[in-house]
Amino acid sequence: MTRLLCTLIVLFFVSGLIAQINSEQVEQLDKIVAKNVSGLEPGLAIGIIADGEVIYKRFAGYSNLEHKVEVSDSSVFNIASVSKQFTALCILKLQIEGKLSLEDDIREYMPDMLPDIVEPIRIRHLINHTSGIRDYVELMSIQQDAWWRRVGLDNEDVIGLLKQQKELNFKPGSEYLYSNSNYTLLTEIIEVVSGTDFHSFSESLFNELGMNDTRFHKNYMGVIPNKARPYTDWGDGIWKEYPMLTNLYGDGFLYTTLEDQLQFEIAIQNATDQKNTLLIQSQVPIPQSEIDSYGFGLELEDRLNYKAVHHSGSTGSYHAQTVRFPEEKLSIVVMSNHGNIWSGYVADAVARVFLEERSGEIGSFELPDNAKTTAIDDQAIVGWYQNPDGSIRRIYEDEQHFYWKAGNNNPRKLNKVEGAVYQIEESQLSRLVFQKENEKISGFALHYRDGDQRSYDRLPDFDPTSFDAEDFTGDYYSEELNTAFNISIDDSGLPMLAMENDSDTSELDIIYHDYLLLSNYKIQAERDLFGRVGDLLISINRVNNVRFKKKHIGNFDTEVQLDVGSAQVTNIGSQNGSTSSILLTRNDPKGNEVWSRRYGGKSYDKASNLIRTSDGGFLITGATSSYGKGNYDFYLIKTDAEGETEWEQTFGEFFNDYGLISKEIEGGYLVKGTQQYCNSNTDINRACNDQAWILHIDHRGKLIKEAIQELPEGTNP
Numbered sequence: 003m004t005r006l007l008c009t010l011i012v013l014f015f016v017s018g019l020i021a022q023i024n025s026e027q028v029e030q031l032d033k034i035v036a037k038n039v040s041g042l043e044p045g046l047a048i049g050i051i052a053d054g055e056v057i058y059k060r061f062a063g064y065s066n067l068e069h070k071v072e073v074s075d076s077s078v079f080n081i082a083s084v085s086k087q088f089t090a091l092c093i094l095k096l097q098i099e100g101k102l103s104l105e106d107d108i109r110e111y112m113p114d115m116l117p118d119i120v121e122p123i124r125i126r127h128l129i130n131h132t133s134g135i136r137d138y139v140e141l142m143s144i145q146q147d148a149w150w151r152r153v154g155l156d157n158e159d160v161i162g163l164l165k166q167q168k169e170l171n172f173k174p175g176s177e178y179l180y181s182n183s184n185y186t187l188l189t190e191i192i193e194v195v196s197g198t199d200f201h202s203f204s205e206s207l208f209n210e211l212g213m214n215d216t217r218f219h220k221n222y223m224g225v226i227p228n229k230a231r232p233y234t235d236w237g238d239g240i241w242k243e244y245p246m247l248t249n250l251y252g253d254g255f256l257y258t259t260l261e262d263q264l265q266f267e268i269a270i271q272n273a274t275d276q277k278n279t280l281l282i283q284s285q286v287p288i289p290q291s292e293i294d295s296y297g298f299g300l301e302l303e304d305r306l307n308y309k310a311v312h313h314s315g316s317t318g319s320y321h322a323q324t325v326r327f328p329e330e331k332l333s334i335v336v337m338s339n340h341g342n343i344w345s346g347y348v349a350d351a352v353a354r355v356f357l358e359e360r361s362g363e364i365g366s367f368e369l370p371d372n373a374k375t376t377a378i379d380d381q382a383i384v385g386w387y388q389n390p391d392g393s394i395r396r397i398y399e400d401e402q403h404f405y406w407k408a409g410n411n412n413p414r415k416l417n418k419v420e421g422a423v424y425q426i427e428e429s430q431l432s433r434l435v436f437q438k439e440n441e442k443i444s445g446f447a448l449h450y451r452d453g454d455q456r457s458y459d460r461l462p463d464f465d466p467t468s469f470d471a472e473d474f475t476g477d478y479y480s481e482e483l484n485t486a487f488n489i490s491i492d493d494s495g496l497p498m499l500a501m502e503n504d505s506d507t508s509e510l511d512i513i514y515h516d517y518l519l520l521s522n523y524k525i526q527a528e529r530d531l532f533g534r535v536g537d538l539l540i541s542i543n544r545v546n547n548v549r550f551k552k553k554h555i556g557n558f559d560t561e562v563q564l565d566v567g568s569a570q571v572t573n574i575g576s577q578n579g580s581t582s583s584i585l586l587t588r589n590d591p592k593g594n595e596v597w598s599r600r601y602g603g604k605s606y607d608k609a610s611n612l613i614r615t616s617d618g619g620f621l622i623t624g625a626t627s628s629y630g631k632g633n634y635d636f637y638l639i640k641t642d643a644e645g646e647t648e649w650e651q652t653f654g655e656f657f658n659d660y661g662l663i664s665k666e667i668e669g670g671y672l673v674k675g676t677q678q679y680c681n682s683n684t685d686i687n688r689a690c691n692d693q694a695w696i697l698h699i700d701h702r703g704k705l706i707k708e709a710i711q712e713l714p715e716g717t718n719p
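With the sequence shown counted from 1, adding 2 to any position gets you this note's numbering.
As structure tokens, this is what we get:
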């Protein structure tokens with residue numbers, strides 16, 4: 003007889019707050035299970051511990067649809083990131099044994115990891131995700147080669163990618179940002195310190211804990227007896243097995259049974275009585291940590307307004323959740339191979355059966371006195387906002403509801419609480435308080451329950467038609483990812499991105515002047531001193547500012563494409579090397595010369611930039627020592643369409659002034675270059691420095707105005 007639900011319900015009278023499970027609670031729990039799994043579907047396993055005893059276990063669905071094997075006590079699930087607590091336990095065990103310190107810099111064990119980062123990256127920074135190290139999952143997504151598609155991908159591959167990184171998401175210890183990379187690196191430290199491989203070391207820990215059916219996997223092709231296969235229907239109602247092709251471990255990929263996990267939960271609840279130092283320390287914040295919201299592979303934030311220790315896990319179609327309510331001595335374990343089940347919702351539903359609803363919050367917000375009395379029109383809050391670190395938030399209206407969009411995350415509904423106070427739906431941790439200036443919204447402050455707050459200023463209203471997509475066109479390359487892409491403009495003038503060796507293009511959404519969005523990838527431009535787009539910084543969720551350098555930016559555009567053929571400016575030297583002059587060449591579509599024109603005097607003259615002007619002619623920008631006041635001066639040559647000189651102009655002082663780039667604007671041209679200043683005209687050991695010199699001239703080369711700017715340190719124009 004086919005058994006759709008295999009049930010083991012154990013009733014106990016216990017001494018804690020969860021004193022008894024009654025028939026009504028059993029019925030509620032059974033309904034939760036039945037709601038999530040019915041018929042021939044992938045499975046679900048739920049277990050509950052109260053006061054160190056199992057009070058409820060339930061299995062539903064199938065671990066193997068092909069052979070109709072039901073989920074049972076022996077079913078082995080991949081619990082994904084719930085396994086991080088066990089990797090952290092291995093590290094904590096080594097510290098208790100005196101073999102390492104959580105204050106150690108990780109470069110003591112991996113000397114070639116991020117050598118350019120001067121701040122210490124401590125082991126504890128890895129454990130609680132404050133290291134700033136980028137998440138390999140997101141890095142591989144930027145490469146457009148998802149981690150789960152890479153057959154045989156292992157920890158060594160991940161560590162190799164992390165060694166290519168030159169920058170961090172942020173200074174170690176300054177912020178929290180979840181990153182799977184942290185736990186991959188912890189496995190390497192465990193191996194270096196213990197002198198044995200991670201699998202052997204972790205296996206000995208599981209044996210000590212009596213978890214004999216719990217192991218990190220070694221090879222995706224390896225046989226795991228009683229393994230629950232992962233299934234999803236991809237939305238079409240037809241079950242398919244989710245491919246699991248990698249050999250990763252430490253950040254996830256721990257295979258275990260419900261029985262073993264409940265055994266561990268009992269040990270956690272009994273740790274104090276048994277004076278188990280390892281387990282006791284593992285449930286609290288890390289000593290000397292900058293944060294107390296994440297500990298040893300565990301989240302320490304309240305849940306359902308109760309103090310809680312918990313973690314979720316999701317990989318492919320596997321989902322898992324462990325939730326501990328230490329003051330109530332209640333633990334809930336959920337595991338599933340069902341792609342449509344989110345274990346966190348199941349765990350919360352189970353917890354509500356036992357815990358009284360708390361509508362109030364633990365702790366309170368320190369809000370301004372006028373926050374609840376200031377009148378705010380919902381429509382007025384719509385716009386873009388930015389905080390000092392450059393993070394952008396968007397608030398927009400859709401179908402009479404307002405939404406908050408943080409970076410590349412999914413939008414969340416924004417509800418008014420009172421006055422100028424708003425709440426992100428389902429968030430008990432923060433409140434938004436909008437600020438007014440001259441009766442207009444000027445920004446908001448994001449207040450947290452711990453008293454922390456972050457300010458965001460409203461960005462000026464932006465007209466997308468003012469965006470110059472031409473600035474972004476070109477080829478870009480990331481040394482950190484060994485990945486390249488091209489940005490071009492389509493027939494409608496919109497920026498389009500194509501990965502290297504891929505003919506498919508994707509439209510880029512314009513967020514603001516120097517911000518673009520591609521799906522979930524935020525692209526921010528860095529401009530050089532002359533206003534040209536140079537590097538692009540790409541961010542997504544757990545990765546900030548991966549740098550893609552623009553190729554050929556250094557040539558200052560010495561060639562322009564014409565309706566037929568092209569024009570190019572070059573520098574040519576004399577045979578004895580004592581002079582140089584400027585050559586402008588008109589070429590046909592095959593690159594053959596149509597005509598050429600030569601410019602300059604009796605000394606050195608050099609071109610840096612060529613633009614096509616609105617009258618059909620050309621403007622050459624460069625430097626000259628043949629004319630002008632100083633050693634080198636700005637040198638501008640305006641020609642007609644045939645290269646015949648219309649006017650020449652120089653600008654400069656006593657030393658070396660170089661014209662580098664020009665742009666036609668309304669009423670004339672904007673010319674940018676560098677001006678040199680020295681403290682002496684005669685001393686050979688004089689001190690000199692360069693500064694940016696920006697000229698606005700009319701169409702005849704007459705100076706309208708000029709400006710001087712300091713060059714950033716290390717700039718090499």
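Every residue, glycine too, gets a C-beta built ideally from N, C-alpha and C.
The alpha helix (DSSP H) spanning residue i covers which residue range?
i, result
"Phe266", "260-271"
"Met142", "138-144"
"Ser183", "183-196"
"Gln87", "86-98"
With respect to the beta strand (DSSP E) encompassing residue i, which residues constitute its N-terminal and C-terminal limits?
i, result
"Ser468", "Note, Ser468: premise wrong, no beta strand (DSSP E); not H, not E."
"Arg152", "Element bounds for Arg152: n/a, residue is neither H nor E."
"Gln425", "423-426"
"His321", "320-327"
"Glu26", "Premise fails: Glu26 lies in the alpha helix (DSSP H), 25-38, not in any beta strand (DSSP E)."
"His403", "403-408"
"Asp607", "607-614"
"Asp159", "Not the beta strand (DSSP E): Asp159 falls in the alpha helix (DSSP H), residues 157-165."
"Thr684", "Element bounds for Thr684: n/a, residue is neither H nor E."
"Ala689", "Element bounds for Ala689: n/a, residue is neither H nor E."
Is it the case that the Cβ atoms of residue i and residue j are separated by a distance below 7 Å?
i, j, result
"Ser206", "Phe218", "no"
"Ala47", "Val73", "yes"
"Gly63", "Val39", "yes"
"Leu705", "Val673", "no"
"Trp241", "Leu67", "yes"
"Gly619", "Thr641", "yes"
"Asp262", "Met337", "no"
"Leu499", "Ile513", "no"
"Gly49", "Leu264", "yes"
"Asp559", "Asn611", "yes"
"Tyr606", "Ile584", "no"
"Val423", "Arg414", "no"
"Gly252", "Ala82", "no"
"Asn658", "Asn681", "no"
What residues are listed by DSSP as bridge partners for residue i?
i, result
"Tyr233", "Glu243, His340"
"Gly675", "Gly661, Trp695"
"Ser480", "Thr485"
"Phe208", "Answer is none; Phe208 lacks a bridge partner."
"Arg460", "Tyr387"
"Ile574", "Ser583"
"Asn66", "Val71"
"Pro497", "Ile491"
"Gly670", "Ile667"
What do you reckon, is the C-beta of residue i under 6 Å from a heavy atom of the ligand SAH?
i, result
"Gln22", "No copy of the ligand SAH occurs in the structure displayed, which carries no ligand at all."
Rounded to the nearest angstrom, how far is the Cβ of residue i from that of residue j, given a contact under 8 Å?
i, j, result
"Gly703", "Gln651", "4 Å"
"Gly385", "Arg460", "6 Å"
"Ile108", "Leu128", "7 Å"
"Thr615", "Gly661", "The pair is not a contact, with the Cβ atoms about 16 Å apart (cut-off 8 Å)."
"Thr234", "Gly346", "Incorrect: roughly 17 Å between the Cβ atoms, too far for contact."
"Asp700", "Gly669", "6 Å"
**OP:** Determine contact between the region 484-504 and the region 467-474, defined as no fewer than three beta-carbon pairs at a distance below 8 Å.
**Re:** yes
Original post:
When the Cβ atoms of the region 225-240 are set against those of the region 73-80, are three or more pairs found closer than 8 Å?
Top reply: yes
Subject >> the region 477-488 touching the region 166-185, judged by at least three CB pairs closer than 8 Å >> reply: yes
Original post:
Can we say the region 351-359 touches the region 291-304, given the rule of at least three CB pairs closer than 8 Å?
Top reply: no
Original post:
Looking at C-beta atoms only, is the number of pairs between the region 116-135 and the region 181-199 that lie closer than 8 Å three or more?
Top reply: At 8 Å Cβ cutoff, the stretches touch.
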